[in-house]
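**Student:** Structure provided below as C-alpha coordinates; questions to follow.
In the numbering used here, the protein residues as written are 2 to 533.
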(Lines of atoms letter the chains of each structure in order from A and count residues from 1; the text may use other names and numbers.)
(Lines give C-alpha, C1' and ligand atoms only; values in the text may rest on other atoms or scores of the structure.)
Protein backbone atom coordinates (compact mmCIF):
# COMPACT_ATOMS: atom_id res chain seq x y z
CA UNK A 1 0.00 0.00 0.00
CA UNK A 2 2.81 2.37 0.86
CA UNK A 3 4.47 1.69 -2.46
CA UNK A 4 1.20 2.44 -4.26
CA UNK A 5 0.86 5.77 -2.48
CA UNK A 6 4.48 6.68 -3.23
CA UNK A 7 3.90 5.87 -6.86
CA UNK A 8 0.84 8.07 -6.93
CA UNK A 9 2.78 10.96 -5.40
CA UNK A 10 5.49 10.51 -7.97
CA UNK A 11 2.90 10.63 -10.73
CA UNK A 12 1.31 13.72 -9.24
CA UNK A 13 4.68 15.45 -8.99
CA UNK A 14 5.67 14.70 -12.58
CA UNK A 15 6.03 18.03 -14.38
CA UNK A 16 3.83 17.24 -17.38
CA UNK A 17 2.20 19.94 -19.52
CA UNK A 18 -1.18 18.85 -18.19
CA UNK A 19 -0.07 19.30 -14.57
CA UNK A 20 1.44 22.68 -15.42
CA UNK A 21 -1.89 23.69 -16.94
CA UNK A 22 -3.68 22.65 -13.77
CA UNK A 23 -1.36 24.63 -11.53
CA UNK A 24 -1.50 27.71 -13.75
CA UNK A 25 -5.28 27.56 -13.89
CA UNK A 26 -5.54 27.22 -10.12
CA UNK A 27 -3.53 30.40 -9.66
CA UNK A 28 -5.90 32.48 -11.78
CA UNK A 29 -8.91 31.82 -9.59
CA UNK A 30 -11.59 32.52 -12.25
CA UNK A 31 -14.57 30.20 -12.53
CA UNK A 32 -14.26 29.66 -16.24
CA UNK A 33 -10.48 29.30 -16.07
CA UNK A 34 -10.70 26.89 -13.15
CA UNK A 35 -13.01 24.74 -15.23
CA UNK A 36 -10.35 24.23 -17.87
CA UNK A 37 -8.05 22.32 -15.55
CA UNK A 38 -7.23 18.70 -16.20
CA UNK A 39 -6.31 15.86 -13.87
CA UNK A 40 -6.43 12.11 -13.40
CA UNK A 41 -6.97 9.73 -10.54
CA UNK A 42 -3.44 10.21 -9.25
CA UNK A 43 -3.90 13.92 -8.73
CA UNK A 44 -6.54 13.47 -6.05
CA UNK A 45 -4.31 11.58 -3.61
CA UNK A 46 -4.26 13.42 -0.31
CA UNK A 47 -7.40 15.51 -0.98
CA UNK A 48 -9.58 16.11 2.07
CA UNK A 49 -12.57 14.24 3.25
CA UNK A 50 -15.31 16.39 4.72
CA UNK A 51 -13.55 16.25 8.02
CA UNK A 52 -10.74 18.35 6.58
CA UNK A 53 -7.71 16.07 6.23
CA UNK A 54 -4.47 17.46 4.93
CA UNK A 55 -3.89 17.46 1.18
CA UNK A 56 -0.54 17.10 -0.49
CA UNK A 57 -1.15 17.59 -4.20
CA UNK A 58 -0.31 20.95 -5.61
CA UNK A 59 -3.18 22.19 -7.73
CA UNK A 60 -6.12 21.75 -5.35
CA UNK A 61 -7.13 24.84 -3.40
CA UNK A 62 -5.08 25.42 -0.19
CA UNK A 63 -6.63 24.24 3.09
CA UNK A 64 -8.42 26.79 5.29
CA UNK A 65 -6.36 27.22 8.48
CA UNK A 66 -7.22 30.69 9.81
CA UNK A 67 -10.14 33.11 9.89
CA UNK A 68 -8.38 35.14 7.20
CA UNK A 69 -8.13 32.06 5.00
CA UNK A 70 -11.84 31.43 5.52
CA UNK A 71 -12.76 35.00 4.63
CA UNK A 72 -10.68 34.90 1.45
CA UNK A 73 -12.12 31.53 0.49
CA UNK A 74 -15.70 32.77 0.98
CA UNK A 75 -15.02 35.95 -1.00
CA UNK A 76 -13.28 34.19 -3.88
CA UNK A 77 -15.87 31.42 -4.07
CA UNK A 78 -18.74 33.92 -3.88
CA UNK A 79 -17.31 35.79 -6.87
CA UNK A 80 -17.09 32.56 -8.82
CA UNK A 81 -20.57 31.38 -7.85
CA UNK A 82 -22.33 34.66 -8.53
CA UNK A 83 -20.30 35.26 -11.67
CA UNK A 84 -21.93 32.10 -13.01
CA UNK A 85 -25.18 32.10 -11.04
CA UNK A 86 -26.32 35.72 -11.40
CA UNK A 87 -26.56 35.76 -15.22
CA UNK A 88 -28.25 32.34 -15.09
CA UNK A 89 -30.70 33.68 -12.51
CA UNK A 90 -31.43 36.70 -14.73
CA UNK A 91 -32.13 34.38 -17.64
CA UNK A 92 -34.31 32.09 -15.53
CA UNK A 93 -36.13 35.05 -13.97
CA UNK A 94 -36.84 36.33 -17.46
CA UNK A 95 -38.18 32.94 -18.53
CA UNK A 96 -40.27 32.63 -15.38
CA UNK A 97 -41.50 36.19 -15.80
CA UNK A 98 -42.87 35.14 -19.19
CA UNK A 99 -45.12 32.69 -17.36
CA UNK A 100 -45.92 35.12 -14.56
CA UNK A 101 -46.76 38.03 -16.88
CA UNK A 102 -48.97 35.74 -18.92
CA UNK A 103 -50.90 34.96 -15.73
CA UNK A 104 -51.09 38.66 -14.84
CA UNK A 105 -52.67 39.57 -18.17
CA UNK A 106 -55.07 36.62 -17.96
CA UNK A 107 -55.93 37.39 -14.32
CA UNK A 108 -57.56 40.66 -15.32
CA UNK A 109 -59.88 38.75 -17.67
CA UNK A 110 -61.58 37.13 -14.67
CA UNK A 111 -61.19 34.43 -12.00
CA UNK A 112 -62.10 31.52 -14.31
CA UNK A 113 -59.45 32.33 -16.96
CA UNK A 114 -56.91 32.86 -14.16
CA UNK A 115 -57.73 29.46 -12.66
CA UNK A 116 -57.43 27.88 -16.11
CA UNK A 117 -54.03 29.48 -16.74
CA UNK A 118 -52.85 28.55 -13.23
CA UNK A 119 -53.71 24.91 -13.89
CA UNK A 120 -52.24 24.98 -17.40
CA UNK A 121 -48.98 26.61 -16.35
CA UNK A 122 -48.49 25.11 -12.88
CA UNK A 123 -49.55 21.55 -13.73
CA UNK A 124 -49.13 20.76 -17.43
CA UNK A 125 -46.41 23.24 -18.35
CA UNK A 126 -44.59 22.48 -15.10
CA UNK A 127 -44.96 18.76 -15.81
CA UNK A 128 -43.18 19.24 -19.12
CA UNK A 129 -40.70 21.72 -17.67
CA UNK A 130 -39.78 19.35 -14.85
CA UNK A 131 -39.25 16.38 -17.14
CA UNK A 132 -37.34 18.29 -19.82
CA UNK A 133 -35.22 20.27 -17.36
CA UNK A 134 -34.45 17.03 -15.55
CA UNK A 135 -33.48 15.23 -18.76
CA UNK A 136 -31.36 18.21 -19.74
CA UNK A 137 -29.60 18.32 -16.37
CA UNK A 138 -27.61 15.23 -17.35
CA UNK A 139 -25.59 17.75 -19.38
CA UNK A 140 -24.70 19.57 -16.17
CA UNK A 141 -22.90 16.46 -14.99
CA UNK A 142 -21.34 15.31 -18.27
CA UNK A 143 -20.53 18.67 -19.88
CA UNK A 144 -19.27 20.12 -16.61
CA UNK A 145 -16.98 17.20 -15.84
CA UNK A 146 -15.80 16.88 -19.46
CA UNK A 147 -15.00 20.60 -19.55
CA UNK A 148 -13.10 20.30 -16.28
CA UNK A 149 -11.13 17.37 -17.72
CA UNK A 150 -10.28 19.33 -20.88
CA UNK A 151 -12.44 17.30 -23.30
CA UNK A 152 -14.14 20.39 -24.74
CA UNK A 153 -14.82 18.83 -28.15
CA UNK A 154 -17.23 16.33 -26.58
CA UNK A 155 -19.59 19.07 -25.36
CA UNK A 156 -21.25 19.53 -28.74
CA UNK A 157 -21.76 15.77 -29.07
CA UNK A 158 -23.36 15.63 -25.62
CA UNK A 159 -25.64 18.53 -26.58
CA UNK A 160 -26.80 16.82 -29.77
CA UNK A 161 -27.50 13.60 -27.87
CA UNK A 162 -29.50 15.58 -25.36
CA UNK A 163 -31.55 17.32 -28.07
CA UNK A 164 -32.42 13.96 -29.63
CA UNK A 165 -33.63 12.65 -26.28
CA UNK A 166 -35.49 15.83 -25.28
CA UNK A 167 -37.41 16.16 -28.56
CA UNK A 168 -38.40 12.48 -28.32
CA UNK A 169 -39.64 13.17 -24.77
CA UNK A 170 -41.76 16.07 -26.08
CA UNK A 171 -43.44 13.78 -28.60
CA UNK A 172 -44.26 11.33 -25.80
CA UNK A 173 -45.69 14.09 -23.56
CA UNK A 174 -47.84 15.82 -26.20
CA UNK A 175 -50.92 13.57 -25.64
CA UNK A 176 -51.05 14.72 -22.00
CA UNK A 177 -51.72 18.25 -23.25
CA UNK A 178 -54.19 17.11 -25.91
CA UNK A 179 -56.26 15.07 -23.44
CA UNK A 180 -55.91 17.43 -20.48
CA UNK A 181 -59.66 17.83 -19.80
CA UNK A 182 -60.47 14.17 -18.99
CA UNK A 183 -57.30 13.94 -16.92
CA UNK A 184 -58.25 16.99 -14.85
CA UNK A 185 -61.80 15.73 -14.37
CA UNK A 186 -60.40 12.38 -13.24
CA UNK A 187 -58.30 14.24 -10.67
CA UNK A 188 -61.40 15.99 -9.30
CA UNK A 189 -61.09 19.43 -10.85
CA UNK A 190 -64.15 21.65 -11.32
CA UNK A 191 -65.69 21.03 -14.77
CA UNK A 192 -65.54 24.67 -15.91
CA UNK A 193 -61.94 25.08 -14.76
CA UNK A 194 -60.95 21.76 -16.38
CA UNK A 195 -62.49 22.77 -19.72
CA UNK A 196 -60.73 26.14 -19.87
CA UNK A 197 -57.44 24.74 -18.56
CA UNK A 198 -57.50 22.02 -21.23
CA UNK A 199 -58.08 24.61 -23.94
CA UNK A 200 -55.15 26.69 -22.67
CA UNK A 201 -52.92 23.58 -22.41
CA UNK A 202 -53.42 22.77 -26.10
CA UNK A 203 -52.46 26.32 -27.05
CA UNK A 204 -49.10 26.09 -25.21
CA UNK A 205 -47.95 22.79 -26.80
CA UNK A 206 -45.43 24.62 -29.08
CA UNK A 207 -43.67 25.97 -26.00
CA UNK A 208 -42.62 22.51 -24.77
CA UNK A 209 -40.65 21.87 -27.96
CA UNK A 210 -38.93 25.22 -27.49
CA UNK A 211 -38.07 24.17 -23.93
CA UNK A 212 -36.41 21.02 -25.30
CA UNK A 213 -34.02 23.15 -27.36
CA UNK A 214 -33.57 25.74 -24.64
CA UNK A 215 -32.74 23.47 -21.72
CA UNK A 216 -30.14 21.47 -23.62
CA UNK A 217 -28.52 24.62 -24.98
CA UNK A 218 -28.47 26.35 -21.59
CA UNK A 219 -26.70 23.42 -19.88
CA UNK A 220 -24.12 23.29 -22.68
CA UNK A 221 -23.37 27.00 -22.19
CA UNK A 222 -23.44 26.90 -18.39
CA UNK A 223 -20.82 24.14 -18.25
CA UNK A 224 -18.42 26.55 -19.98
CA UNK A 225 -19.52 29.54 -17.87
CA UNK A 226 -20.87 31.23 -21.02
CA UNK A 227 -23.87 32.70 -19.26
CA UNK A 228 -24.03 36.41 -20.16
CA UNK A 229 -25.41 36.20 -23.72
CA UNK A 230 -28.21 33.76 -22.71
CA UNK A 231 -29.24 36.25 -20.01
CA UNK A 232 -29.61 38.99 -22.64
CA UNK A 233 -31.57 36.62 -24.88
CA UNK A 234 -33.93 35.78 -22.02
CA UNK A 235 -34.49 39.43 -21.14
CA UNK A 236 -35.17 40.27 -24.79
CA UNK A 237 -37.73 37.46 -24.97
CA UNK A 238 -39.40 38.85 -21.84
CA UNK A 239 -39.82 42.29 -23.44
CA UNK A 240 -41.28 40.66 -26.55
CA UNK A 241 -43.69 38.70 -24.36
CA UNK A 242 -44.97 41.84 -22.63
CA UNK A 243 -45.56 43.61 -25.94
CA UNK A 244 -47.29 40.61 -27.50
CA UNK A 245 -49.50 40.04 -24.45
CA UNK A 246 -50.64 43.65 -24.58
CA UNK A 247 -51.23 43.44 -28.33
CA UNK A 248 -52.97 40.05 -28.38
CA UNK A 249 -55.02 40.30 -25.16
CA UNK A 250 -55.99 43.98 -24.99
CA UNK A 251 -55.63 45.48 -28.47
CA UNK A 252 -56.80 42.53 -30.58
CA UNK A 253 -59.03 41.04 -27.87
CA UNK A 254 -57.87 37.46 -28.37
CA UNK A 255 -58.13 36.68 -24.65
CA UNK A 256 -56.82 33.32 -23.44
CA UNK A 257 -55.58 32.14 -26.88
CA UNK A 258 -53.72 35.43 -27.37
CA UNK A 259 -51.89 35.10 -24.06
CA UNK A 260 -50.93 31.52 -24.94
CA UNK A 261 -49.59 32.66 -28.33
CA UNK A 262 -47.43 35.32 -26.67
CA UNK A 263 -46.13 32.65 -24.28
CA UNK A 264 -45.20 30.32 -27.16
CA UNK A 265 -43.45 33.01 -29.20
CA UNK A 266 -41.33 34.13 -26.25
CA UNK A 267 -40.08 30.60 -25.57
CA UNK A 268 -39.14 30.10 -29.21
CA UNK A 269 -37.21 33.39 -29.20
CA UNK A 270 -35.09 32.01 -26.34
CA UNK A 271 -34.57 28.62 -28.00
CA UNK A 272 -33.61 29.94 -31.42
CA UNK A 273 -31.45 32.71 -29.94
CA UNK A 274 -29.41 30.25 -27.89
CA UNK A 275 -29.07 27.84 -30.82
CA UNK A 276 -27.79 30.64 -33.05
CA UNK A 277 -25.28 31.71 -30.39
CA UNK A 278 -23.95 28.16 -29.98
CA UNK A 279 -23.57 27.46 -33.70
CA UNK A 280 -22.13 30.87 -34.53
CA UNK A 281 -19.94 31.76 -31.54
CA UNK A 282 -19.09 28.60 -29.57
CA UNK A 283 -16.69 26.89 -31.97
CA UNK A 284 -14.59 25.18 -29.27
CA UNK A 285 -17.47 23.12 -27.95
CA UNK A 286 -19.58 23.04 -31.12
CA UNK A 287 -17.83 21.48 -34.11
CA UNK A 288 -20.87 20.85 -36.27
CA UNK A 289 -23.54 18.16 -36.39
CA UNK A 290 -21.79 14.87 -35.71
CA UNK A 291 -22.62 11.19 -36.18
CA UNK A 292 -20.94 10.64 -32.80
CA UNK A 293 -24.16 11.95 -31.23
CA UNK A 294 -25.84 8.65 -32.10
CA UNK A 295 -23.18 6.50 -30.42
CA UNK A 296 -23.37 5.40 -26.77
CA UNK A 297 -26.77 7.05 -26.63
CA UNK A 298 -28.35 4.53 -24.26
CA UNK A 299 -25.83 5.24 -21.52
CA UNK A 300 -26.72 8.90 -21.96
CA UNK A 301 -30.44 8.09 -21.86
CA UNK A 302 -29.96 6.32 -18.54
CA UNK A 303 -28.28 9.29 -16.87
CA UNK A 304 -30.82 11.65 -18.45
CA UNK A 305 -33.68 9.55 -17.13
CA UNK A 306 -32.18 9.44 -13.62
CA UNK A 307 -31.82 13.22 -13.76
CA UNK A 308 -35.40 13.62 -14.96
CA UNK A 309 -36.82 11.38 -12.24
CA UNK A 310 -34.85 13.24 -9.58
CA UNK A 311 -36.01 16.69 -10.69
CA UNK A 312 -39.56 15.70 -11.63
CA UNK A 313 -40.18 14.23 -8.20
CA UNK A 314 -39.23 17.66 -6.82
CA UNK A 315 -41.10 19.90 -9.26
CA UNK A 316 -44.24 17.79 -9.60
CA UNK A 317 -44.48 17.45 -5.84
CA UNK A 318 -45.32 21.10 -5.28
CA UNK A 319 -47.52 21.12 -8.39
CA UNK A 320 -49.73 18.45 -6.84
CA UNK A 321 -50.84 21.03 -4.25
CA UNK A 322 -52.78 22.81 -6.99
CA UNK A 323 -54.45 19.55 -8.00
CA UNK A 324 -55.31 18.58 -4.41
CA UNK A 325 -56.91 21.96 -3.69
CA UNK A 326 -59.26 21.54 -6.67
CA UNK A 327 -61.62 19.38 -4.60
CA UNK A 328 -61.80 21.69 -1.58
CA UNK A 329 -64.81 23.84 -0.74
CA UNK A 330 -64.76 27.06 -2.83
CA UNK A 331 -62.17 25.46 -5.12
CA UNK A 332 -61.77 28.47 -7.41
CA UNK A 333 -60.61 30.78 -4.59
CA UNK A 334 -58.39 28.00 -3.19
CA UNK A 335 -56.72 27.36 -6.54
CA UNK A 336 -56.32 31.07 -7.31
CA UNK A 337 -54.83 31.96 -3.90
CA UNK A 338 -52.42 29.06 -4.06
CA UNK A 339 -51.53 29.91 -7.66
CA UNK A 340 -50.58 33.46 -6.64
CA UNK A 341 -48.40 32.16 -3.78
CA UNK A 342 -46.72 29.59 -6.02
CA UNK A 343 -46.09 32.34 -8.55
CA UNK A 344 -44.33 34.51 -5.96
CA UNK A 345 -42.40 31.48 -4.71
CA UNK A 346 -41.36 30.77 -8.28
CA UNK A 347 -39.83 34.23 -8.62
CA UNK A 348 -37.60 33.56 -5.64
CA UNK A 349 -36.98 30.04 -6.91
CA UNK A 350 -35.42 31.35 -10.11
CA UNK A 351 -32.62 32.90 -8.06
CA UNK A 352 -31.89 29.53 -6.54
CA UNK A 353 -32.13 27.76 -9.87
CA UNK A 354 -29.32 30.11 -10.87
CA UNK A 355 -27.36 29.05 -7.78
CA UNK A 356 -28.34 25.43 -8.47
CA UNK A 357 -26.80 25.67 -11.93
CA UNK A 358 -23.77 27.56 -10.62
CA UNK A 359 -22.97 25.00 -7.93
CA UNK A 360 -23.50 22.17 -10.43
CA UNK A 361 -20.96 23.83 -12.72
CA UNK A 362 -18.52 24.48 -9.87
CA UNK A 363 -18.75 20.95 -8.42
CA UNK A 364 -18.64 19.16 -11.78
CA UNK A 365 -15.75 21.32 -13.07
CA UNK A 366 -13.70 20.88 -9.90
CA UNK A 367 -14.32 17.14 -9.63
CA UNK A 368 -13.57 16.74 -13.33
CA UNK A 369 -10.24 18.53 -12.83
CA UNK A 370 -9.35 16.54 -9.68
CA UNK A 371 -9.86 19.30 -7.05
CA UNK A 372 -12.12 17.79 -4.36
CA UNK A 373 -11.33 20.40 -1.68
CA UNK A 374 -12.31 23.22 -4.03
CA UNK A 375 -15.60 21.43 -4.73
CA UNK A 376 -16.32 21.11 -1.01
CA UNK A 377 -15.53 24.79 -0.38
CA UNK A 378 -18.01 25.75 -3.10
CA UNK A 379 -20.69 23.62 -1.43
CA UNK A 380 -20.20 25.25 1.99
CA UNK A 381 -20.34 28.78 0.61
CA UNK A 382 -23.41 28.30 -1.56
CA UNK A 383 -25.48 26.63 1.18
CA UNK A 384 -24.76 29.43 3.64
CA UNK A 385 -25.53 32.22 1.19
CA UNK A 386 -28.69 30.55 -0.09
CA UNK A 387 -30.05 30.18 3.45
CA UNK A 388 -29.40 33.87 4.17
CA UNK A 389 -31.28 34.94 1.02
CA UNK A 390 -34.20 32.66 1.91
CA UNK A 391 -34.54 34.24 5.36
CA UNK A 392 -34.59 37.75 3.84
CA UNK A 393 -37.29 36.72 1.34
CA UNK A 394 -39.42 35.24 4.14
CA UNK A 395 -39.17 38.49 6.09
CA UNK A 396 -40.33 40.52 3.07
CA UNK A 397 -43.34 38.25 2.52
CA UNK A 398 -44.40 38.54 6.16
CA UNK A 399 -44.04 42.34 6.08
CA UNK A 400 -46.12 42.73 2.89
CA UNK A 401 -48.49 39.78 3.41
CA UNK A 402 -51.62 41.93 3.01
CA UNK A 403 -50.58 43.75 -0.15
CA UNK A 404 -48.36 41.68 -2.48
CA UNK A 405 -51.33 39.89 -4.11
CA UNK A 406 -52.65 43.18 -5.55
CA UNK A 407 -50.43 42.82 -8.62
CA UNK A 408 -52.29 39.61 -9.52
CA UNK A 409 -55.91 40.37 -8.64
CA UNK A 410 -58.30 43.16 -7.66
CA UNK A 411 -60.68 40.72 -5.90
CA UNK A 412 -60.72 41.54 -2.16
CA UNK A 413 -61.84 38.03 -1.17
CA UNK A 414 -58.94 36.49 -3.05
CA UNK A 415 -56.49 38.99 -1.52
CA UNK A 416 -57.62 37.97 2.00
CA UNK A 417 -57.25 34.29 1.11
CA UNK A 418 -53.68 34.90 -0.03
CA UNK A 419 -52.84 36.81 3.17
CA UNK A 420 -54.02 33.84 5.29
CA UNK A 421 -51.45 31.48 3.77
CA UNK A 422 -48.61 34.01 3.41
CA UNK A 423 -46.86 32.56 6.48
CA UNK A 424 -46.58 29.20 4.75
CA UNK A 425 -45.25 30.96 1.67
CA UNK A 426 -42.50 32.55 3.76
CA UNK A 427 -41.50 29.20 5.26
CA UNK A 428 -41.53 27.64 1.80
CA UNK A 429 -39.13 30.32 0.60
CA UNK A 430 -36.62 29.43 3.32
CA UNK A 431 -36.77 25.71 2.55
CA UNK A 432 -36.68 26.31 -1.19
CA UNK A 433 -33.54 28.40 -0.81
CA UNK A 434 -31.47 25.46 0.41
CA UNK A 435 -33.19 22.54 -1.34
CA UNK A 436 -32.38 23.50 -4.97
CA UNK A 437 -28.79 24.21 -4.01
CA UNK A 438 -28.19 20.81 -2.41
CA UNK A 439 -29.88 19.22 -5.43
CA UNK A 440 -27.45 21.14 -7.63
CA UNK A 441 -24.56 19.63 -5.68
CA UNK A 442 -26.03 16.19 -6.39
CA UNK A 443 -26.25 16.94 -10.12
CA UNK A 444 -22.68 18.22 -10.20
CA UNK A 445 -21.51 15.03 -8.51
CA UNK A 446 -23.63 12.73 -10.67
CA UNK A 447 -25.72 11.33 -7.78
CA UNK A 448 -29.09 11.65 -9.53
CA UNK A 449 -30.15 8.04 -8.93
CA UNK A 450 -29.63 8.25 -5.16
CA UNK A 451 -31.47 11.56 -4.90
CA UNK A 452 -34.40 10.17 -6.90
CA UNK A 453 -34.94 7.50 -4.22
CA UNK A 454 -34.65 10.09 -1.44
CA UNK A 455 -37.21 12.32 -3.19
CA UNK A 456 -39.62 9.44 -3.69
CA UNK A 457 -39.58 8.51 -0.02
CA UNK A 458 -39.66 12.01 1.46
CA UNK A 459 -42.18 13.52 -0.93
CA UNK A 460 -44.59 10.83 -2.01
CA UNK A 461 -44.45 8.30 0.83
CA UNK A 462 -44.24 10.85 3.66
CA UNK A 463 -45.11 14.43 2.65
CA UNK A 464 -47.99 13.93 0.20
CA UNK A 465 -50.07 11.57 2.40
CA UNK A 466 -49.45 13.85 5.39
CA UNK A 467 -50.67 16.86 3.42
CA UNK A 468 -53.79 14.99 2.34
CA UNK A 469 -54.58 13.98 5.92
CA UNK A 470 -54.13 17.51 7.27
CA UNK A 471 -56.06 19.12 4.44
CA UNK A 472 -59.03 16.76 4.15
CA UNK A 473 -59.26 14.50 7.20
CA UNK A 474 -58.42 17.23 9.73
CA UNK A 475 -60.15 19.96 7.68
CA UNK A 476 -57.22 22.40 7.61
CA UNK A 477 -57.82 23.09 3.91
CA UNK A 478 -55.10 24.63 1.74
CA UNK A 479 -52.94 25.39 4.77
CA UNK A 480 -53.06 21.77 5.92
CA UNK A 481 -52.14 20.38 2.50
CA UNK A 482 -49.28 22.83 2.18
CA UNK A 483 -47.99 22.23 5.74
CA UNK A 484 -47.86 18.47 5.29
CA UNK A 485 -46.00 18.76 2.03
CA UNK A 486 -43.52 21.21 3.55
CA UNK A 487 -42.68 18.51 6.09
CA UNK A 488 -41.64 16.31 3.18
CA UNK A 489 -39.39 19.07 1.78
CA UNK A 490 -37.81 19.56 5.21
CA UNK A 491 -37.04 15.86 5.58
CA UNK A 492 -35.56 15.65 2.07
CA UNK A 493 -33.34 18.69 2.62
CA UNK A 494 -32.00 17.34 5.92
CA UNK A 495 -31.18 13.95 4.37
CA UNK A 496 -29.39 15.54 1.40
CA UNK A 497 -27.32 17.76 3.70
CA UNK A 498 -26.27 14.66 5.66
CA UNK A 499 -25.39 12.84 2.41
CA UNK A 500 -23.25 15.78 1.26
CA UNK A 501 -21.54 16.04 4.63
CA UNK A 502 -20.61 12.36 4.70
CA UNK A 503 -19.45 12.14 1.08
CA UNK A 504 -15.86 11.09 0.31
CA UNK A 505 -14.86 13.85 -2.10
CA UNK A 506 -11.58 12.18 -3.10
CA UNK A 507 -13.60 9.24 -4.36
CA UNK A 508 -16.03 11.58 -6.14
CA UNK A 509 -13.17 13.18 -8.07
CA UNK A 510 -11.94 9.75 -9.19
CA UNK A 511 -15.45 8.76 -10.27
CA UNK A 512 -15.79 11.99 -12.25
CA UNK A 513 -12.68 11.09 -14.26
CA UNK A 514 -14.07 7.61 -14.87
CA UNK A 515 -17.44 9.01 -15.94
CA UNK A 516 -15.87 11.35 -18.50
CA UNK A 517 -14.06 8.41 -20.07
CA UNK A 518 -17.12 6.14 -19.98
CA UNK A 519 -19.57 8.55 -21.64
CA UNK A 520 -17.02 10.23 -23.87
CA UNK A 521 -17.68 7.59 -26.51
CA UNK A 522 -14.56 6.76 -28.52
CA UNK A 523 -12.89 10.05 -27.76
CA UNK A 524 -12.66 13.45 -29.34
CA UNK A 525 -10.69 12.26 -32.36
CA UNK A 526 -13.88 10.97 -33.96
CA UNK A 527 -15.93 14.11 -33.32
CA UNK A 528 -16.25 15.05 -36.97
CA UNK A 529 -19.09 17.05 -38.54
CA UNK A 530 -21.61 15.28 -40.75
CA UNK A 531 -21.19 18.01 -43.36
CA UNK A 532 -17.70 19.24 -44.20
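For every residue, glycine included, the Cβ atom is placed at its ideal position computed from N, Cα and C. A quick note: this is a predicted structure, and the numbers were derived from the prediction, not measured.
Would you identify the three-state DSSP class for residue 599, choosing helix, strand or coil?
**Tutor:** Since the displayed the chain opens at 2 and closes at 533, residue 599 lies outside it and no answer follows.
**Student:** Between the beta-carbon of residue 415 and the beta-carbon of residue 345, is there less than 7 Å?
**Tutor:** Against a cut-off of 7 Å, the Cβ pair of residue 345 and residue 415 comes out as no contact.
**Student:** Measure from the alpha carbon of residue 308 to the alpha carbon of each residue in 337, 434, 443, then state which is nearest.
**Tutor:** 443
**Student:** Excluding five sequence neighbours on each side, which residues of the same chain lie with their C-beta closer than 7 Å to the C-beta of residue 195?
**Tutor:** 182, 185, 186
**Student:** Measure the beta-carbon distance from residue 276 to residue 214 and round it to whole angstroms, keeping in mind my assumption that it falls under 8 Å.
**Tutor:** 6 Å
**Student:** Would you say residue 118 and residue 102 are within 7 Å of each other, going by their C-beta atoms?
**Tutor:** no
**Student:** Suppose contacts are defined by Cβ-Cβ distances below 7 Å. Is residue 237 in contact with residue 364 by that definition?
**Tutor:** Result no, Cβ atoms of residue 237 and residue 364 do not sit closer than 7 Å.
**Student:** For the 8 Å Cβ check, are there 3 or more pairs between the region 431 to 442 and the region 352 to 363?
**Tutor:** The answer is yes - the region 352 to 363 touches the region 431 to 442, with three or more Cβ pairs under 8 Å.
**Student:** Quick one: is residue 73 buried, meaning 16 or more other Cβ sit within 10 Å of its Cβ, or exposed?
**Tutor:** exposed
**Student:** Could you tell me if the beta carbon of residue 346 falls within a distance shorter than 6 Å of some heavy atom in the ligand ZN?
**Tutor:** The ligand ZN is not part of this structure, which contains no ligands at all.
**Student:** According to DSSP, is residue 110 helix, strand or coil?
**Tutor:** coil
**Student:** Assuming residue 440 and residue 141 form a contact by the criterion Cβ under 8 Å, report the distance between their Cβ atoms to the nearest whole angstrom.
**Tutor:** Contact flag wrong, Cβ pair sits at about 11 Å.
**Student:** Please list the terminal residues of the continuous alpha helix (DSSP H) segment that includes residue 426.
**Tutor:** 423 to 446
**Student:** Ordered along the chain, which non-local residues of its own chain (more than five positions away) have a Cβ less than 8 Å from that of residue 455?
**Tutor:** 493, 496, 497, 500
**Student:** Are the Cβ atoms of residue 267 and residue 201 separated by less than 7 Å?
**Tutor:** Result no, Cβ atoms of residue 267 and residue 201 do not sit closer than 7 Å.
**Student:** Identify the continuous alpha helix (DSSP H) that holds residue 210 and give its terminal residues.
**Tutor:** Here the alpha helix (DSSP H) through residue 210 covers 206 to 224.
**Student:** Please classify residue 154: does DSSP put it in a helix, a strand, or coil?
**Tutor:** coil
**Student:** Just list the beta strand (DSSP E) runs in the region 355 to 409, keeping only unbroken ones of 3 residues or longer that don't cross its boundaries, in chain order.
**Tutor:** none
**Student:** To the nearest angstrom, how far is the alpha carbon of residue 320 from that of residue 305?
**Tutor:** 22 Å
**Student:** Does the region 214 to 233 come within contact of the region 87 to 105, defined as at least 3 CB pairs closer than 8 Å?
**Tutor:** yes
**Student:** Between the C-alpha atoms of residue 176 and residue 207, what's the straight-line distance to the nearest angstrom?
**Tutor:** 13 Å
**Student:** Suppose you measure from the CA of residue 278 to the CA of residue 468; what does that come to, to the nearest Å?
**Tutor:** 45 Å
**Student:** Please determine, among 289, 128, 258, 198, the residue with the shortest C-alpha to C-alpha distance to residue 212.
**Tutor:** If you compare the alpha carbons of 289, 128, 258, 198 with that of residue 212, the shortest gap goes to 128.
**Student:** Whose CA, out of 359, 99, 67, lies closest to the CA of residue 85?
**Tutor:** 359
**Student:** Just how far apart, CA to CA, sit residue 340 and residue 472?
**Tutor:** 17 Å
**Student:** Comparing C-alpha positions only, which one of 370, 133, 180 sits nearest to residue 511?
**Tutor:** 370
**Student:** For residue 121 and residue 323, I'd like the C-alpha separation in whole angstroms.
**Tutor:** Roughly 11 Å between the two C-alpha positions.
**Student:** Give me the residue from 190, 110, 385 with the minimum Cα distance to residue 258.
**Tutor:** 110
**Student:** Please report how far the alpha carbon of residue 376 lies from the alpha carbon of residue 368, in whole angstroms.
**Tutor:** If I take the Cα positions, the gap works out to 7 Å.
**Student:** Consult DSSP for residue 306 and reduce its assignment to one of helix, strand or coil.
**Tutor:** helix
**Student:** Apart from the five residues on each side of it in sequence, which residues of its chain come closer than 6 Å, Cβ to Cβ, to residue 171?
**Tutor:** 209, 210, 213
**Student:** With distances taken from CA atoms, which of 290, 299, 479, 66 is nearest residue 342?
**Tutor:** 479
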